[in-house]
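What follows is a single structure, written as structure tokens, with notes after it.
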Amino acid sequence: MTMNDALLDRRASYTPQICLRCDAPMRIKTIVPTMFVHSIDDVVYVCPSCGIEYKRIIRRTGYSAS
124 MTMNDALLDR RASYTPQICL RCDAPMRIKT IVPTMFVHSI DDVVYVCPSC GIEYKRIIRR
184 TGYSAS
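Residue numbers (this note's numbering): 124 to 189.
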């Protein structure tokens with residue numbers, strides 16, 4: 124599995140977010156693994172309607188430390 128495939132898998136596993144300002148569905152802008160905890164990602168969502176960005180820290184689903 125390539126790094127790009129892994130990112131696409133992670134992108135599909137995160138729940139969609141709704142914009143707090145205009146109630147439009149948000150899109151994932153970036154997914155960045157945290158530096159010290161390998162099972163957690165920083166996910167930045169952006170609203171295509173109003174442009175607001177929302178950052179969440181999310182634990183990866185199906186992550187195993189082995």
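We treat Cβ as the ideally placed atom computed from N, Cα and C, and that holds for glycine.
Looking only at its chain, what residues have a beta carbon closer than 6 Å to the beta carbon of residue i, apart from the 5 residues adjacent to it on each side?
i    : result
T153 : V167
What are the residues that DSSP puts in a beta bridge with residue i?
i    : result
I141 : P148
R183 : In the DSSP output, where bridge partners are listed per residue, R183 has none listed.
Going by DSSP in three states, residue i sits in which element: helix, strand or coil?
i    : result
I175 : coil
V169 : strand
T153 : strand
Using a Cβ-Cβ cutoff of less than 8 Å, which residues in the same chain neighbour residue i once the five nearest sequence positions on both sides are dropped?
i    : result
K178 : D165, V166, V167, Y168
I141 : A147, P148, M149
C173 : C142, R144, C145, A147
Among the residues of its own chain, which have a CB less than 7 Å from the CB of residue i, if the five just before and after it don't count?
i    : result
P156 : D164
Measuring alpha carbon to alpha carbon, tell me which residue in the options is nearest residue i.
i    : options          : result
I175 : I151, R182, F159 : I151
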